[in-house]
Amino acid sequence: MSLLVRPALSADIPSIANIDIAASSAHPLTASLISASFSGTVSAFISLYQHLFSLPHYHFLIAEIDGQPVGFTAWKEGGVHEPDNFLPEMPEGADTKLIGYFMETVKAHKAGLGIEELAELQILSICPEYQRKGVGSALLKLALEESDKNWEKMYVRSSAEGRGLYEKFEWKVTGTLSIELKEFGLEGDITWDMIREVGKENK
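Residue numbers for the sequence shown follow this note's numbering, beginning at 13 and rising by one.
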């Protein structure tokens, strides 16, 4: 098994979209989109990542095993950037009320954390069949090598599944966000605010 981590190219966007959908299919938002239209979900994710690729303060890495894309990560540089309210076109029939409520709740929560100047790990996504096989660690290692050159702190909002890996790379829990979804007939969503400070050896 040959693992390669490299900067992602715009040609990788369809693979990135499909990896993210596969890895997050149980998440309330992704599940809502898929239930409306799988092809529409793919189109929405591709549109989102095309937009993020166009922003100069976003950086993407992709992991391949024997030439097959199996995971990716994206991080945002620290500092104050222009507000980004981009929202891709949603599949017909998607629960836009759920999506809007969820996204606004996350946005309001993060606005109160005082993390605007911090770098932020936006996403780390691995194909389900390749999870817990070192792919995430390889992506994080290279991403942090790049980020640590310029930013002393990096924020991530972690799921329960990802928390252990982030702690391995010295992120510390600073808070939690619990989103109540009973009115949508769904279980609540809990994530952890985590911040990593660059070690002295990296400064």
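Backbone N, C-alpha and C fix where the C-beta goes; we use that ideal spot for every residue, glycine too. Values in this document were obtained by computation on a predicted structure and should not be read as measured data.
- Only residues of its own chain outside the window of five on either side were considered, and among them 37 have a CB closer than 7 Å to the CB of residue 43, listed in chain order.
- Residue 157 and residue 113 have their C-alpha atoms spaced approximately 35 Å apart.
- Between the C-alpha atoms of residue 203 and residue 119 there is a straight-line separation of about 13 Å.
- Here residue 68 is not bridged, per DSSP, to any residue.
- In this structure, DSSP gives residue 195 a helical state, which the three-state scheme calls helix.
- Take residue 81, set aside five residues on each side of it, and the residues of its chain with a beta-carbon closer than 6 Å to its own are 27, 74, in chain order.
- Measuring C-alpha to C-alpha distances from residue 91 to each of 132, 99, 208, 141 identifies 132 as the nearest.
- In this structure, the straight-line span from the alpha carbon of residue 60 to that of residue 93 is close to 18 Å.
- By the Cβ test, the stretch 181-191 is not in contact with the stretch 91-111, since fewer than three Cβ pairs between them sit closer than 8 Å.
- In the same chain as residue 209, and ignoring 5 residues on each side of it, the C-beta atoms closer than 7 Å to its own belong to 164, 165, in chain order.
- The count of Cβ pairs closer than 8 Å, one atom from the stretch 44-64 and one from the stretch 19-33, reaches three, so the stretches are in contact.
- If you ignore the 5 residues before and after residue 167, its C-beta comes within less than 6 Å of the C-beta of 127, 130, 132, 207, all in its own chain and listed in chain order.
- Residue 98 counts as exposed, since fewer than 16 other C-beta atoms from the protein chains shown sit within 10 angstroms of its C-beta.
- Counting along the chain, residue 142 sits inside no alpha helix (DSSP H), nor does DSSP assign it H or E at all.
- Here residue 178 has 168, 170, 206 as same chain residues with Cβ atoms under 7 Å from its own Cβ, once five neighbours each way along the sequence are excluded.
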